[in-house]
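Report on the structure given below.
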Amino acid sequence: MDEDPANIHRDYKDPSGVSVTIRVMDKNLHTRDGNFSFVYRARVSQIFEDGAEQEPQLVALKKVMIPRIKDFRELHILRHLVRYPHPNIIKLMFSQRRKYKIDYLQVVYTLVFEFIPTTLAKLKQEYFRDKNVIDIKLCIWQLFAGLHHLRELHIIHRDIKPANLLVNPKTGRLTIADFGSAIFLPSYPDVYQGTYAVTRYYRPPELILGATRYNCMVDVWSAGCIFAELYIGEALFAGANAFLQLQLIYNKLGTPSADDLKAMQVLEKDYICAIRHQAIYPFGELFSKGKKRNNGVLVADTISLEQQKHIL
1 MDEDPANIHR DYKDPSGVSV TIRVMDKNLH TRDGNFSFVY RARVSQIFED GAEQEPQLVA
61 LKKVMIPRIK DFRELHILRH LVRYPHPNII KLMFSQRRKY KIDYLQVVYT LVFEFIPTTL
121 AKLKQEYFRD KNVIDIKLCI WQLFAGLHHL RELHIIHRDI KPANLLVNPK TGRLTIADFG
181 SAIFLPSYPD VYQGTYAVTR YYRPPELILG ATRYNCMVDV WSAGCIFAEL YIGEALFAGA
241 NAFLQLQLIY NKLGTPSADD LKAMQVLEKD YICAIRHQAI YPFGELFSKG KKRNNGVLVA
301 DTISLEQQKH IL
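Going letter by letter, the sequence shown gives residues 1 to 312 in full-length UniProt numbering.
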């Protein structure tokens with residue numbers, strides 16, 4: 001293979017931190033998330049010290065721009081996940097760190113992953129249209145399997161949504177991706193974890209209500225919302241803002257009790273006072289007569305207002 005110096009990069013590292021040389025070919029923009037994150041589709045091959053070169057692999061290159069002073073937590077978590085791999089969690093192959101001076105000093109990280117062609121966000125209407133209960137259960141089983149592994153590693157993803165769940169249509173394998181919002185579960189209960197996490201439709205009520213201490217059950221709530229969405233063909237709770245999101249949740253689950261609110265450690269008391277009392281919605285009614293009603297029971301268990309009753 002003719003060597004093109006422009007395509008050869010000697011400043012990449014493998015997940016253990018060892019420097020590697022790779023060739024990047026056929027790079028094209030795949031998706032973008034705002035102005036600071038881009039995903040490219042490319043082919044990559046590793047070049048070894050003796051000059052041998054592996055067969056090119058189809059990969060996703062994720063470029064993330066962050067301020068120089070900011071710690072890149074996502075990379076730390078991805079490296080940790082490589083040490084404890086799981087088939088339903090994305091695996092980091094290589095990473096690169098470069099400094100640029102654009103208005104202010106920035107660092108651009110490039111993360112290399114296996115390329116997985118589509119997302120659950122693009123496929124969810126097919127699941128709903130086909131109404132194949134087995135396919136839906138297989139999808140959700142893989143999601144819960146991945147979340148269980150994250151919980152064992154004390155990692156909270158904090159942005160479980162269909163767009164962050166990659167799917168290989170040929171094999172049916174689901175992969176949890178995009179750990180840009182993820183954190184390690186704090187060792188001490190008083191550590192501030194932030195409240196602005198999880199895309200609104202999949203955000204649990206304790207985060208809407210301002211809780212700053214929470215655990216991996218926030219991901220379980222999000223997964224339960226996705227479970228219901230695959231059956232009914234639309235988001236279970238599609239509020240236009242935080243207040244309406246909370247109202248929709250209470251319309252289905254009832255108003256939380258004083259014990260629920262204490263367990264959630266909520267701060268936004270105004271939201272609580274403004275919402276009228278609601279009775280609990282019978283989740284079996286979410287599913288048409290042709291479907292097994294016990295799926296509604298499973299959804300209800302997954303998105304219970306009582307955190308300790310969330311299943312995983």
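Yeah, the Cβ is synthetic: ideal placement off N, Cα and C, and Gly gets one too.
Here the structure is a predicted model, which is why all the values come from computation and not from measurement.
Label residue i either buried or exposed according to how many other C-beta atoms from any shown protein chain fall within 10 Å of its C-beta, with 16 as the threshold for buried.
{"i": "residue 67", "result": "exposed"}
{"i": "residue 141", "result": "exposed"}
{"i": "residue 227", "result": "buried"}
{"i": "residue 8", "result": "exposed"}
{"i": "residue 71", "result": "exposed"}
{"i": "residue 28", "result": "exposed"}
{"i": "residue 122", "result": "exposed"}
{"i": "residue 18", "result": "exposed"}
Can you name the start and end residues of the alpha helix (DSSP H) that residue i belongs to?
{"i": "residue 163", "result": "Residue 163 -> no alpha helix (DSSP H), and no H or E assigned at all."}
{"i": "residue 220", "result": "217-232"}
{"i": "residue 127", "result": "120-130"}
{"i": "residue 82", "result": "73-83"}
{"i": "residue 263", "result": "258-264"}
Output needed for residue i: all residues of its chain with C-beta closer than 7 Å, excluding positions within five of it in sequence on either side, in chain order.
{"i": "residue 16", "result": "none"}
{"i": "residue 179", "result": "74, 77, 78 and 157"}
{"i": "residue 289", "result": "With a pLDDT of 49 at residue 289, under the threshold of 50, the predicted position of this residue should be treated as unreliable, though the coordinate-derived value follows. If we look at residue 289 and ignore the five residues flanking it on each side, it has no Cβ neighbours."}
Could you tell me how far apart the beta carbons of residue i and residue j are, in whole angstroms, since I believe they sit closer than 8 Å?
{"i": "residue 182", "j": "residue 157", "result": "5 Å"}
{"i": "residue 90", "j": "residue 177", "result": "4 Å"}
{"i": "residue 112", "j": "residue 94", "result": "4 Å"}
According to DSSP, residue i sits in a beta bridge with which residue or residues?
{"i": "residue 96", "result": "12 and 110"}
{"i": "residue 175", "result": "166"}
Go to residue i, then tell me how far its beta strand (DSSP E) extends in each direction, as first and last residue.
{"i": "residue 42", "result": "37-47"}
{"i": "residue 135", "result": "Premise fails: residue 135 lies in the alpha helix (DSSP H), 133-152, not in any beta strand (DSSP E)."}
{"i": "residue 303", "result": "From DSSP, residue 303 is part of no beta strand (DSSP E); its letter is neither H nor E."}
{"i": "residue 242", "result": "Element bounds for residue 242: not the beta strand (DSSP E) but the alpha helix (DSSP H), 242-253."}
Give me, in chain order, the residues of the same chain whose beta-carbon lies closer than 8 Å to that of residue i; leave out the 5 immediate sequence neighbours on both sides.
{"i": "residue 138", "result": "172"}
{"i": "residue 25", "result": "7, 42, 43, 44, 45 and 56"}
Going along the chain, which residues of its own chain have a beta-carbon closer than 6 Å to the beta-carbon of residue i, five neighbours each way excluded?
{"i": "residue 204", "result": "218 and 221"}
{"i": "residue 303", "result": "221 and 224"}
{"i": "residue 192", "result": "Because the pLDDT of residue 192 is 49, which lies under 50, any placement of that residue in the model is unreliable, and the question is left without a value."}
{"i": "residue 132", "result": "none"}
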